[in-house]
Structures are given as structure tokens and as C-alpha cells.
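With positions in the sequence shown counted from 1, the corresponding number in this note's numbering is that position plus 2.
Glycine residues also receive a C-beta, built at the ideal position from the N, C-alpha and C atoms.
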Amino acid sequence: MQLRLDGNSIFAATGGRPFAPGASAVLMLHGAGLDHIVWALPARSLAHRGRAVLVPDLPGHGRTPGPVLPSIAAMADWLIRLLDAAGVAEAGLVGHSMGSLVALEAAVLAPKRIRRLALLGVAAQMPVHPDLLKAAQEDARLAADLIVSWGHGPAGHFGGNPAPGLWQMGGGQRLLARAKAGVLASDLAACDAYDAAARAGQVECPSLLLLGALDRMTPPGKAKALAAAMPHCQTVVIPGAGHMMMSETPDAVIDALLGFL
3 MQLRLDGNSI FAATGGRPFA PGASAVLMLH GAGLDHIVWA LPARSLAHRG RAVLVPDLPG
63 HGRTPGPVLP SIAAMADWLI RLLDAAGVAE AGLVGHSMGS LVALEAAVLA PKRIRRLALL
123 GVAAQMPVHP DLLKAAQEDA RLAADLIVSW GHGPAGHFGG NPAPGLWQMG GGQRLLARAK
183 AGVLASDLAA CDAYDAAARA GQVECPSLLL LGALDRMTPP GKAKALAAAM PHCQTVVIPG
243 AGHMMMSETP DAVIDALLGF L
């Protein structure tokens, strides 16, 4: 699906169903250097269960042209205006990693428009290791290798996926390799600068923290401050899941989202 915002064409996947603004809308936001592909399974499941699903590529990512937005606040403002462009009065937001920070900030900026907030792979602060920032700034292959390695739990590293032929590590590297120069570095810097704990207490809607028990990028314990600050918040920790839980444990993710949304 193509939308128009600020004179630019915005691509958003719809989970394989035509988007109907009058239905119960859910927007799903990808993480740093990634795009809508990471939400393929959950988006399809929600769309085929009556939700109006939008999975946009943020500016400069995937099939949406740049320039990339430099901060979490700028991405959240863009997201709220995207709701207008799509004709959506209110929606549930689902974000992963950087996308979870964008979703949280949008819920603070537009509390009357966000009815539910699901944050996956999130932490109160998301500092980025200096070596990773440096590698991303140099557009080094090392940056993608580090993210893919740290982002997957044992299941991703050793294989044995129930979907024949699916190689999670290779797929993650290929997806990050598609990012345009400078995009990953900008995204990581935006995550590094954002303090989710300082904003969490201003969220008004019911919230879900969906965390991977084996997540090395945002360990579950790092989300405790968010859970304590956010009203009407529930936490689900998925056994065996790393940071890329949507591909590592898709059934558990889908079940949690369906129950919450």
C-alpha cells in the first residue's frame, strides 16, 4: 500500500488484506536498519483476524524514500501524521526495538489516538556499544554481524527452524545489508539518545511489554523500570526467545499480541 505524506510516497504492508480504515487499526513499527519484512508473520495473522494492519517502512528504510529521521521524537511525530494520511482516528501500536521507542513516544504525544501499546524487545534505556556505533558509522559489515549475532538466541544461531530452509542469521544479515548508507548509524544514535524511562509515566493506555528471556540486546531485567512506570502494564517473557522474537518464536508473539490487542 502506498500513502502520501509531506509530498513523499510511503510504503506500508497490510498483512495480505486490503486496508480498511474503519476497522480496528494496528500499526507495527520495525527496528533500527530494518523494514516491514520483520513483521511478516504477525502482520498476516492479525490482518486475517479482522484487524486493519499497517506496517510502514520508516523514511529512508525499505521501500520508503529518505531522508532518514534523526531522532525518536521526529519518528513519533511522523507516525502520528501518518495516521492522518491513512485516515485512522485511533490505533493500537506495536513496536520492536527502535520501533518500540517510537511507539512509546507517539503514545505520549497523542494519548487520545493510541488505544493500546505493545512494546517488543524494549528497555528503559537502550545505549549502543561504542564499537557498534563506530562500525555503523563506517558502514562496516561488522555492524550487521554484531547485530545479527547479539540479536538472536540459541535457536537462531544453531538452526532447526520449523520452517524448512529458513536461516535466521543469514536472513538478518541480508536484511541489514539492504539498508542505505548511514541509515543504521542514524537509527542507533537515535536509540542511544532516547530515555524511555523518562517518558513511560506519561503513557495513558494499556500496555504490554513482550520480552525475550534470552535477549542480549535488551535483557528482560532492563525493562523493569518501564513496567513500574507505565499504568495498566503487563509483562510477558517468552522462554527461549532472543531479541528477534518475531522470527525466533513467532507463534508465542502472535498469541500474545492477539490476546492483548
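Identity of the residues DSSP links to Met-30 by a beta bridge
Looking up residue 30 in the sequence shown gives position 28. Note: Met-30 sits in a beta bridge opposite Val-96.
Starting from Arg-83, trace the alpha helix (DSSP H) in both directions and tell me its first and last residue.
Position 81 of the sequence shown, counting from 1, holds the residue named residue 83. Segment 74 to 88, the alpha helix (DSSP H) holding Arg-83.
Given that a residue counts as buried once 16 or more other Cβ atoms are within 10 Å of its Cβ, and exposed if not, what is Phe-160?
Position 158 of the sequence shown holds residue 160. By the neighbour-count rule (16 or more Cβ atoms within 10 Å), Phe-160 is not buried but exposed.
Give me the residue from Leu-111, Leu-135, Val-255, Gly-155 with the minimum Cα distance to Leu-211.
If you number the sequence shown from 1, residue 211 lands on position 209. Residue Val-255 is the option with its Cα nearest to Leu-211.
Taking DSSP's pairing of strands, which residues face Gly-214 in a bridge?
For the purposes of this step, residue 214 is taken as the residue at position 212 of the sequence shown. For Gly-214, which the question treats as bridged, DSSP gives the partners Ile-240.
9 Å Cβ cutoff met for Ala-138 and Leu-186:
Residue 138 sits at position 136 when you count from the first residue of the sequence shown. Residue 186 sits at position 184 when you count from the first residue of the sequence shown. The answer is yes: Cβ separation under 9 Å.
Evaluate the contact criterion for the region 104 to 112 versus the region 34 to 41: three or more CB pairs, one atom per stretch, below 8 Å.
In the pairwise beta carbon analysis, the region 104 to 112 is classified as not touching the region 34 to 41: fewer than three pairs are separated by under 8 Å.
Buried or exposed: where does Glu-250 fall if 16 or more other Cβ atoms within 10 Å of its Cβ makes it buried?
As a first step, residue 250 is located in the sequence shown; it is residue number 248 there, counting from the start. Glu-250 is buried by the Cβ-count criterion.
Does the contact criterion of 3 or more C-beta pairs under 8 Å hold for the region 226 to 244 versus the region 171 to 185?
Output reads no: the region 171 to 185 does not touch the region 226 to 244.
Only counting the same chain, and skipping five residues up and downstream in sequence, which positions put a Cβ closer than 6 Å to that of Val-238?
Taking the sequence shown and counting its residues from 1, one reaches residue 238 at position 236. If we look at Val-238 and ignore the five residues flanking it on each side, its Cβ neighbours are Leu-212, Ala-258.
With a threshold of 6 Å on Cβ separation, who are the neighbours of Leu-43 within its own chain once the five nearest residues in sequence on each side are excluded?
On the sequence shown, residue 43 is found 41 positions in, with the first residue counted as 1. Pro-252, listed in sequence order.
Measuring alpha carbon to alpha carbon, tell me which residue in Ser-151, Cys-207, Gly-52 is nearest Met-219.
Position 217 of the sequence shown, counted from the start, is the residue given in the question as residue 219. For Met-219, the closest of Ser-151, Cys-207, Gly-52 by C-alpha to C-alpha distance is Ser-151.
Within 10 angstroms of its Cβ, does Asp-86 collect 16 or more other Cβ (buried), or is it exposed?
Position 84 of the sequence shown, counting from 1, holds the residue named residue 86. When all chains shown are included, Asp-86 counts as exposed.
Bounding residues of the beta strand (DSSP E) (the contiguous stretch that carries Ala-146)
One-based indexing of the sequence shown puts residue 146 at position 144. Element bounds for Ala-146: not the beta strand (DSSP E) but the alpha helix (DSSP H), 143 to 153.
Pick out whichever of Glu-206, Ala-54, Ala-191, Ala-109 has its Cα sitting closest to the Cα of Trp-80.
Position 78 of the sequence shown, counted from the first residue, corresponds to residue 80. For Trp-80, the nearest C-alpha among the options comes from Ala-109.
Quick one: residues in its chain with C-beta nearer than 8 Å to the C-beta of Ile-74, no 5 flanking neighbours on either side, listed in chain order?
Taking the first residue of the sequence shown as 1, we reach residue 74 at position 72. The answer, listed in chain order, is Met-100, Leu-103, Val-104, Glu-107, Ala-192, Cys-193, Ala-195, Tyr-196.
Find out if the Cβ-Cβ distance for the pair Leu-5, Met-30 is shorter than 9 Å.
As a position in the sequence shown, residue 5 is number 3, starting the count at 1. As a position in the sequence shown, residue 30 is number 28, starting the count at 1. No, Cβ-Cβ distance for Leu-5 and Met-30 is not below 9 Å.
Helix, strand or coil at Gln-265 [DSSP, three-state]:
An answer regarding residue 265 cannot be provided, because it is not within the stretch 3 to 263 covered by the chain.
Exposed or buried, what is Leu-168 when buried is set at 16 or more other beta-carbons lying within 10 Å of its beta-carbon?
Position 166 of the sequence shown, counted from the first residue, corresponds to residue 168. Residue burial is scored here from C-beta neighbours: Leu-168 has fewer than 16 other C-beta atoms within 10 angstroms and is therefore classed as exposed.
Can you find the residues in the same chain that come closer than 7 Å, C-beta to C-beta, to Ala-45, ignoring five residues on each side of it along the sequence?
Mapped onto the sequence shown, residue 45 falls at position 43. Only residues of its own chain outside the window of five on either side were considered, and among them Ala-15, Gly-17, Met-30, Val-55, Val-57 have a CB closer than 7 Å to the CB of Ala-45, listed in chain order.
Assuming contact is defined by CB atoms lying nearer than 9 Å, are Leu-121 and Leu-190 in contact in what I supplied?
Numbered from its first residue, the sequence shown carries residue 121 at position 119. Numbered from its first residue, the sequence shown carries residue 190 at position 188. Leu-190 sits away from Leu-121, with the two beta carbons spaced by 9 Å or more.
Thinking C-beta only, is His-98 closer than 9 Å to His-63?
Here residue 63 corresponds to residue number 61 of the sequence shown, with the count starting at 1. Here residue 98 corresponds to residue number 96 of the sequence shown, with the count starting at 1. It is not a contact, given that the beta carbons lie outside the stated cut-off.
Rounded distance between the beta-carbons of Leu-111 and Ala-78, thought under 8 Å:
To locate residue 78, count along the sequence shown from 1; it is residue 76. To locate residue 111, count along the sequence shown from 1; it is residue 109. Correct: roughly 6 Å between the Cβ atoms.
Looking at Ser-26: is its Cβ nearer than 9 Å to the Cβ of Gly-94?
For the purposes of this step, residue 26 is taken as residue 24 along the sequence shown, with counting starting at 1. For the purposes of this step, residue 94 is taken as residue 92 along the sequence shown, with counting starting at 1. Yes, they are a contact pair.
Would DSSP call Pro-58 helix, strand or coil?
As a working note, residue 58 is residue 56 in the sequence shown. Strand, per DSSP.
Rounded to whole angstroms, what is the Cα-Cα separation between Ala-200 and Ala-76?
Sequence index remark: in the sequence shown, residue 200 carries index 198 (1-based). Sequence index remark: in the sequence shown, residue 76 carries index 74 (1-based). Their backbone Cα atoms lie some 17 Å apart in a straight line.
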